[in-house]
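What follows is a single structure, written as structure tokens, with notes after it.
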Amino acid sequence: MKIQIEPAQFPEDADSIRLLFSGYAASLGIDLTFQSFQEELDSLPGKYAPSQAGSLLIARADTGIREHNTNGLVDSITSRFPSTLGCVALRRSSDGWCEMKRLYVLKEARGERLGEKLVEAILAQARDLGYRGMRLDTLPEMTAAQRLYRKYGFVHIAPYYETPIQRTVFMGCEFLGS
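Be aware that the sequence shown starts at 1, since it is given in UniProt numbering, and climbs by one per residue.
Right, dumping it as structure tokens:
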């Protein structure tokens, strides 16, 4: 399966991103009210907008379906909504750092290394935006995610914000040469 990872477009991708973010939240089994999650959904792209020094990437399967104009020539590959598979975002944090948020891959798309591709893409975005490094939070039971983060240079760090979820794991990755 060929996969495209690209910046989400708003308002076109808003519904797809809301569904992915909601799937992400449901998979955690915790209440994200303390993160103003509903406000985040309602204001997309919000803190992930390029104008806020953020980024929101969406992964789609390329179906190969082609649109034709009246002359029968190929105009474009319709990959707008055929199969949205996952997403990842970053937002500005502090001291020249950013925070990775909402990495999520649909169950049907797992096992294809899509999580790795999304992490690689968001790290590249962070570097392109000039950030010194990236932080994230996760839960201890998300061991596969933690292995993935370690693969890309993330290490355990001190908490960088207060959270009511006492078992939160904080990780960070400083970019070399920044």
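For glycine and all other residues, C-beta sits at the position ideal for the given N, C-alpha and C.
Practice task
Would you mind working out which of R91, Y131, P50 and A145 sits nearest V105, comparing C-alpha positions?
Solution key: A145
Handout entry: Identified DSSP bridge partners for P7
Key = L57
Practice task
Find out if the Cβ-Cβ distance for the pair A26, L32 is shorter than 8 Å.
Solution key: no
Problem - DSSP state of Y152 mapped onto helix, strand, coil - result: coil
Problem - C-alpha gap between I58 and K47, whole angstroms - result: 16 Å
Exercise for the section: Determine which residues share a DSSP beta bridge with E162 and list them. Expected result: Paired residues: none, contrary to the question.
Handout entry: Cβ shell of L118 (< 8 Å), same chain only, five flanking positions each side left out
Key = I5, L57, A59, G86, C87, V88, L103 and V105
Practice task
Just mark D13 as buried or exposed, buried being the case when its beta carbon has 16 or more other beta carbons within 10 Å.
Solution key: buried
Exercise for the section: Kindly indicate which three-state DSSP category Y104 falls into: helix, strand or coil? Expected result: strand
Handout entry: contact_flag[the stretch 110 to 126, the stretch 155 to 162] where n(CB pairs < 8 Å) is 3 or more
Key = no
Practice task
Please report how far the alpha carbon of Q35 lies from the alpha carbon of M171, in whole angstroms.
Solution key: 18 Å
Practice task
Kindly indicate which three-state DSSP category R127 falls into: helix, strand or coil?
Solution key: helix
Practice task
Could you check which residue in L139, P164, S43 and M134 has the C-alpha nearest to that of Y152?
Solution key: M134
Practice task
Output the residue ranges of the alpha helix (DSSP H) runs that lie fully inside the stretch 24 to 57 and measure 4 residues or longer, sorted by chain position.
Solution key: 37 to 42
Handout entry: Closest residue to Y131 among L114, D137 and M100 (Cα-Cα distance)
Key = M100
Problem - Helix, strand or coil at T143 [DSSP, three-state] - result: helix
Practice task
Just the C-alpha distance for E40 and G177, rounded to the nearest angstrom, thanks.
Solution key: 33 Å
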